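Following full-length UniProt numbering, the numbering of the sequence shown begins with 1 at its first residue and continues without gaps. A short worksheet on the structure shown next.
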Amino acid sequence: MDKRRNSKGGQRSRRGILLDDDDDARGDSQNFWGPCRTLHDYFIDLSGKRASVRAEALSTILKALTLNIEQKFVELNFVTLVYQCLHFIKKGSPTEMKQAAHIIGLLSMITTTVEKVHEAYEDVLTALSQGGLKPKLKTLEILGCLTVVTFFGASNSDETESVMKLLWDLINPGTDSSIERKDSPAVLTAMISAWSFLLSTIDGWRLSHKNWQGAITYFSNIIDSDDEELCAAACEALALVFESNCLEKFSSATKDSNKELKDNIIKQLRSRLSETGNERISSQDPRTGFNSASAALDFLEDRKCANTHVTIGGQKLILSTWSQKVQLKFLKHFLRNDGFVKHMMVGLMILNSSLFMLLTFLFHEQENENFHNVFDFHPKRRNDWGNVLYVPEREEVTILLFRPMVARHNDCSLLPSLTRDKQLAKKKTMSPNSHLSKARTQLLKKQRDLSLKEREFDCFDY
């Protein structure tokens, strides 16, 4: 009995090995000979059991949505992708959680369906507001996901302000809170930048009078921080607060006290910029092209936001308000430089008008309309051979052909262009031995017989 069991077990093991070898061989043959995998294939792999398969699928989809605007793929699979990514955020590994959060943010950027992105906003906010997932908000990728989804998916200022309040409770727990400040400068900088990014979308008169009291004092205290990026985030937040022209909503002090507070902030910024031994303080941010502390000082002194521009794909994007500068900096950080340029510019460059029409028909040229609406930036289509903006609406071509008269004969040998099918058809219809010719002969014979009989009857009548 033991030998039989062992033999059966051996057969099973051998069968298992053979199956595995066949699978490996099939996989190798597919990799060598098979077609390239599509995004839909990786989308299916998100439900796989192996962590390596899921990781490859997430990284591929993340890269594709960052560097290409997969509009059709996003619209078809938006809801399912959001729910799968939320599952990874709740129960996935740290790597899966970060990649899934970034994908949700990209989906909300690309889709043009308002109902879908608003549903994603509600689902993400509900999931991250739970007690078990709330600490994950301090993860930079999840923080960016919530902020971007709110930016594109919130339907009114109240929904945006509710997320701002959630972030503010993490930024400034308050004196009565038992939570100790253990966040790193990078996390605190990210939270302040996210709060400022959402503030840039709301008009000052729509803000609540209760939620943001003490914000000016809090940010002014951070200006003296040794961390350069944290100081820049605080300067941007203060500039946005003063640009809103609603200081009473950010400070409980009177107008005179607010003026003193503003003068103190100006003194702090001057002292910060005049420090020696730290050349990086006066350097420009490569994402925006300006220095936040210096620009904030000029704004507070003159009450005017100096126009700056950023070159994107050879074209200038003019930034005339602090809201635009903060939005540009945040989105450029979220997408990285290559992804931001790709989403801002047209997907295909024009070589000439005919090629453009062909490529547009075949590939359906894609561009992110959401970004164009945010920055009021409409990239021009340029010719690769120069800067001439020329796209003709219609092209006409005249061709003259000379067709000589050629004598036609019935001889098939003189017509080499006849195909085999035509020759066979002629044989079937014109040959005396064909079935059609035989049937025609029989029919004519019957008609002759009938005519003869008719003549015979006519003779008998006389």
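Ideal placement from N, C-alpha and C gives every residue a C-beta, glycine not left out. What you are looking at is a predicted structure, and each value in this text was computed from that prediction instead of being measured.
- In the structure shown, the three-state DSSP call for residue 318 is strand.
- In the three-state DSSP reduction, residue 202 falls in the coil class, being neither helix nor strand.
- 262 is the residue among 104, 262, 319 whose C-alpha sits nearest the C-alpha of residue 235.
- Excluding the 5 residues flanking it on each side, residue 104 has same chain C-beta neighbours closer than 7 Å at 82, 85, 120, 124, 145, 149, in chain order.
- Here residue 430 is exposed. Its C-beta has fewer than 16 other C-beta atoms within 10 Å.
- In the DSSP secondary-structure assignment, residue 309 is bridged to 318.
- Residue 195 sits in a helix when the DSSP states are folded into three classes.
- With respect to the 8 Å criterion, residue 220 and residue 265 are classified as neighbours on the basis of their beta carbons.
- Contact check for residue 161 against residue 216 fails: the beta carbons are separated by 8 Å or more.
- Buried is the label assigned to residue 305, since at least 16 other Cβ atoms lie within 10 Å of its Cβ.
- Minimum Cα-Cα distance from residue 110 among the listed residues 67, 142, 89 corresponds to 67.
- Burial of residue 324 is indicated by the presence of at least 16 other C-beta atoms within 10 angstroms of its C-beta.
- With the rule of 3 Cβ pairs closer than 8 Å, the stretch 135-142 does not count as touching the stretch 151-165.
- DSSP places residue 222 inside the alpha helix (DSSP H), whose first and last residues are 215-222.
- By the Cβ-count criterion, residue 452 is exposed, with fewer than 16 other Cβ atoms from all chains shown falling within 10 Å of its own Cβ.
- The closest CA to that of residue 39, considering only 55, 53, 48, 61, is found on 61.
- Ranking 274, 315, 322 by CA distance to the CA of residue 292 puts 322 first.
- Between the stretch 91-99 and the stretch 44-57 there are three or more C-beta pairs closer than 8 Å, enough to call the two in contact.
- Rounded to the nearest angstrom, the gap between the Cα atoms of residue 326 and residue 197 is 6 Å.
- Residue 199 places its beta carbon 8 Å or farther from that of residue 143.
- For residue 145, the enclosing alpha helix (DSSP H) has its first and last residue at 140-153.
- Remark: C-beta atoms of residue 108 and residue 117 approach each other more closely than 8 Å.
- Per DSSP, reduced to three states, the secondary structure at residue 455 is helical.
- A direct Cα-to-Cα measurement between residue 344 and residue 334 gives close to 14 Å.
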